[in-house]
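Asks:
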Ligand SMILES: O=C(O)[C@@H](CO)OP(=O)(O)O
């Protein structure tokens, strides 16, 4: 059996301020740091150990991961960072207030932008500083890899090559892996792992700073999935039509 821990970063400053974030690099709040420490306590209480870690190139995921590894006395583990694990690029919505955007465009439109399978947000001009695309960390990306605004489908399509080429080989070697990433890059991975139907994926929500554990068979098909609570209690994770 293979074991994989997915963790969405703890609360960020823009989660707290209810702003569309995407590729904007924002810090964790004190509450987000506390969530990260609680996630480590949950892993410790449930007797987890880890061999390798993967994260995005966004500070909120990296700091969450380092906090977890620090609490577990595992800061020495190999950590692999890749832009493909980044949050979905939120296009021209980045930096806007979610509530005000809903007042302007309607709740239904905003729900589609936020949770639908294949409706992308309005595109952003790559020259707009809000796009974050001129950041040095993205200098190696080809023009075709620079998103102007991604749907969940687009996000999943760019996460999957990294999953297949980097995370799967580590799991196959028997490594116990943790992936620290984001609400939507993780929703994409969950959709892939569990074959979640397109019309069910809008209901999948991954809370900040709570480990989501997958137990996978030798072919990497999920046997069990559960959220770990502080104290080590497991809550089955179920994705279904409401
Ligand atoms: O703003 C974002 O980048 C994401 C994650 O916080 O928000 P949403 O819940 O709208 O996908």
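Numbering (full-length UniProt numbering), first residue to last: 1 to 242. Beta carbons: idealized from backbone N, C-alpha and C, even for Gly.
(1) Measure from the alpha carbon of residue 97 to the alpha carbon of each residue in 110, 79, 2, 37, then state which is nearest.
(2) Distance check for residue 227 and residue 45, CA to CA, integer angstroms please.
(3) When you compare the CB of residue 154 with every CB in chain B, is at least one pair closer than 8 angstroms?
(4) Identify which residue in 240, 143, 173, 164 has its Cα closest to the Cα of residue 125.
(5) Just to confirm the assignment, what range does the beta strand (DSSP E) spanning residue 2 have?
(6) For the putative contact between residue 243 and residue 9, defined by C-beta atoms under 8 angstroms, what is the C-beta separation to the nearest angstrom?
(7) Since residue 102 contacts residue 71 with CB under 8 angstroms, what's their CB separation in whole angstroms?
(8) Would you mind sorting residue 203 into buried or exposed? The rule is 16 or more other CB atoms within 10 Å of its CB.
(9) What first and last residue would you give for the alpha helix (DSSP H) that runs through residue 192?
(10) Could you tell me if residue 156 is buried or exposed, where buried requires 16 or more neighbouring beta carbons within 10 angstroms of its beta carbon?
(11) By Cβ distance below 6 angstroms, which residues in the same chain neighbour residue 200 in space, the five residues on each side in sequence not counted?
(12) Can you tell me which of 15, 154, 23, 20 puts its alpha carbon nearest to the alpha carbon of residue 29?
Replies: Taking the coordinates as given:
(1) If we check each option's Cα against that of residue 97, 110 comes out closest.
(2) Our two residues, residue 45 and residue 227, have alpha carbons roughly 13 angstroms apart in a direct line.
(3) No chain B appears in the structure shown, which is made up of a single protein chain.
(4) In this structure, 143 is the residue among 240, 143, 173, 164 with its C-alpha nearest to the C-alpha of residue 125.
(5) Where residue 2 is concerned, the enclosing beta strand (DSSP E) stretches over 2-8.
(6) Residue 243 lies beyond the range of the chain shown here (1 to 242); nothing can be said about it.
(7) About 37 angstroms separates the Cβ atoms of residue 102 and residue 71, ruling out a contact at the 8 angstroms cut-off.
(8) Burial call: exposed.
(9) Annotation for residue 192: the continuous alpha helix (DSSP H) segment containing it runs 183-194.
(10) Buried, by the Cβ-count rule.
(11) Contacts found: 239, 241.
(12) Residue 15 is the option with its Cα nearest to residue 29.
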